[in-house]
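Chemist: Residue numbers (the numbering used here), protein chains in the order written: chain F, 249 to 639; chain U, 3 to 107. After the structure tokens below, expect a handful of questions from me.
What follows is the structure, encoded as structure tokens:
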């Protein structure tokens, strides 16, 4: 029986990769992801993890080496953050288009300039359209569980897609939490060995990454889109099976105190934990406020989101990234689009906040909810407002 | 005069559906590029005057596509299925036996 122990989340994430029997880790260290890959390098060096650790000269190379490893059928893991994720940007598209089920944890961090090592979701939002399955986790346990689930989802023959697990830099990566690391034999039962259907093999040669001229490019991209959309069924299935095996199950849109809620707040990642406390307080004061936590970001869970908000009057969305000169945060604008055609839908109010590691406290979330309700009543001069900026 | 062997018809590529593709658009029949008509976008094609040609083989060696072959009469001719019309054969021919002619259709 696995037991809960106090672990630094980054170390636990590395252990989760080891429990998943990764064959290859190719990574370049960057704050706040560093402890994850340092730990894996140690595990390989001291012989605990029978894997190849490829030290590379950049994140572009890290992801490129992951492609090669995955192409021969190796279970492949990497991790990055912020500028590192941006540096591997073009290669991310190749990983998804060539259907390599790489699992990558992203220790979410703000993008320069000004240089900031602290957390927000600008890095994640910049890679929104790269074709990866993307999951935002709220705490260390979710990070561990979703690394294991990630391999199972990605390697499913119906999916074969890379997966990003987003966990907030510092707020998650550098805290010590009570975490239950599953027993190896249970993980082995849950996660069978990886068998890539068409690996690079001299006995059975294939061409990967051939030229796609105008006559075929559209078909290739459509096949990719349908494949990503359909992966949701498998994601749900894997989360459910994980729940049966380990007692913790996950859903694309998690509801917290939403029964009878007229006002809903929607958050992603670790800030959801503070938001829960704020919601508890408001509930105790008799306010009908609930919380939605958007865990699955790609493929976007339209059905689950629409169902979750259909009885609410106001939906307040917190984005931790700005789409400069655009309609506000990427999450809020996608939610607005998802609800546009619904007959019955809440008013959607967008806030941007928590940028570059700026904390949002419990009373901060309360303030945001109150301001959201006020905007819903009286309107705002802006498409979205920023929370906590000094005037 | 016998002609060098030229493919008759390109593959019916335009009929492939997105559902027919291998995962990741991988190609599982190695060497299938021989079926691809790489010469269909050339603007000029080489025409050989066999009266001037002395079968020196220079065009055969210079052709970057490797599409020039010996015909049954021992003369060298380009396979227009693959020839991209670059004109290197015409430029290199010491007898000026090769003329690049505009593709009109």
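From the three backbone atoms N, C-alpha and C, an ideal C-beta is built for every residue, glycine too. For clarity, every value in this text was computed on a predicted model and none was experimentally measured.
To the nearest angstrom, report how far apart residue 294 of chain F and residue 581 of chain F are at their CA atoms.
Modeler: Cα to Cα, residue 294 of chain F sits roughly 48 angstroms from residue 581 of chain F.
Chemist: Between residue 479 of chain F and residue 409 of chain F, is the Cβ-Cβ spacing less than 7 angstroms?
Modeler: Yes; because the gap between Cβ atoms is below 7 angstroms, this pair is in contact.
Chemist: Does the beta carbon of residue 32 of chain U sit closer than 7 angstroms to a beta carbon anywhere in chain F?
Modeler: Residue 32 of chain U counts as touching chain F.
Chemist: Mind listing, in chain order, the continuous alpha helix (DSSP H) runs of no fewer than 4 residues lying wholly within the segment 350-430 of chain F?
Modeler: Within the segment 350-430 of chain F, the complete alpha helix (DSSP H) runs of at least 4 residues are 370-374, 388-403.
Chemist: So, using beta-carbon positions, are residue 133 of chain U and residue 94 of chain U closer together than 7 angstroms?
Modeler: No statement about residue 133 of chain U is possible, as the shown extent of chain U runs from 3 to 107 and does not include it.
Chemist: Measuring only the C-alpha atoms, how far is residue 38 of chain U from residue 271 of chain F?
Modeler: For residue 38 of chain U and residue 271 of chain F, the distance between alpha carbons rounds to 38 angstroms.
Chemist: Please check the pair residue 667 of chain F and residue 445 of chain F, which I expect to be a contact at CB under 8 angstroms, by giving their CB distance rounded to whole angstroms.
Modeler: Residue 667 of chain F lies beyond the stretch modelled for chain F, which goes from 249 to 639, so this question has no answer here.
Chemist: Contact check, residue 413 of chain F vs residue 395 of chain F under 8 angstroms by CB: the rounded distance?
Modeler: 6 angstroms between Cβ atoms; contact.
Chemist: Do residue 99 of chain U and residue 31 of chain U come within 7 angstroms of each other at the CB atom, strictly closer than that value?
Modeler: No; because the gap between Cβ atoms is not below 7 angstroms, this pair is not in contact.
Chemist: At a CB-CB cut-off below 7 angstroms, which residues of chain F make contact with residue 19 of chain U?
Modeler: Ordered by position in chain F, the residues that pass the 7 angstroms Cβ test against residue 19 of chain U are 467.
Chemist: With a threshold of 16 other CB atoms inside 10 Å of the CB of residue 318 of chain F, please say whether the residue is buried or exposed.
Modeler: Residue 318 of chain F is buried by the Cβ-count criterion.
Chemist: Do residue 513 of chain F and residue 392 of chain F have their CB atoms nearer than 7 angstroms?
Modeler: No, the Cβ-Cβ distance between residue 513 of chain F and residue 392 of chain F is not below 7 angstroms.
Chemist: Using a cut-off of 7 angstroms between C-beta atoms, extract the partners of residue 26 of chain U located in chain F.
Modeler: In chain order: 345, 346, 347, 456.
Chemist: List, from N- to C-terminal side, the alpha helix (DSSP H) runs of 4 residues or more that fit wholly inside the segment 268-350 of chain F.
Modeler: Counting only runs of 4 or more, we get 282-293, 307-319, 330-335, 337-345.
Chemist: Does the structure place the segment 422-434 of chain F close enough to the segment 297-308 of chain F that three or more beta carbon pairs sit under 8 angstroms?
Modeler: In short, these stretches do not touch, since the Cβ pair count stays below three.
Chemist: With residue 253 of chain F as the anchor, note down where its beta strand (DSSP E) starts and where it stops.
Modeler: Counting along the chain, the beta strand (DSSP E) containing residue 253 of chain F begins and ends at 252-256.
Chemist: Going along the segment 65-83 of chain U in order, which residues come within less than 9 angstroms of chain F, judged by CB to CB distance?
Modeler: Listed in sequence order: no entries.
Chemist: Taking the continuous alpha helix (DSSP H) assigned at residue 48 of chain U, which residues delimit it?
Modeler: It is not in any alpha helix (DSSP H) - residue 48 of chain U instead sits in the beta strand (DSSP E) that spans 46-50.
Chemist: Any beta-carbon of chain U closer than 7 angstroms to the one on residue 359 of chain F?
Modeler: No, because no Cβ of chain U sits closer than 7 angstroms to the Cβ of residue 359 of chain F.
Chemist: List the residues of chain F that residue 29 of chain U touches, going by C-beta distances under 9 angstroms, in chain order.
Modeler: Residues of chain F passing the Cβ test: 454, 455, 456, 458.
Chemist: Secondary structure at residue 640 of chain F, three-state DSSP: helix, strand or coil?
Modeler: No information on residue 640 of chain F is available, as it lies outside the stretch 249 to 639 that chain F covers here.
Chemist: Can you pull out the residues from the segment 44-61 of chain U whose beta carbon lies closer than 8 angstroms to at least one beta carbon of chain F?
Modeler: Those would be none; no residue qualifies.
Chemist: Just verifying my parser: in three-state terms, what is the DSSP assignment at residue 611 of chain F?
Modeler: Correct three-state label for residue 611 of chain F: helix.
Chemist: Going along chain U, which residues have a C-beta under 8 angstroms from residue 381 of chain F?
Modeler: None at all; the shortest Cβ gap to chain U is about 15 angstroms.
Chemist: Go to residue 101 of chain U, then tell me how far its alpha helix (DSSP H) extends in each direction, as first and last residue.
Modeler: No alpha helix (DSSP H) contains residue 101 of chain U, which is instead part of the beta strand (DSSP E) from 100-104.
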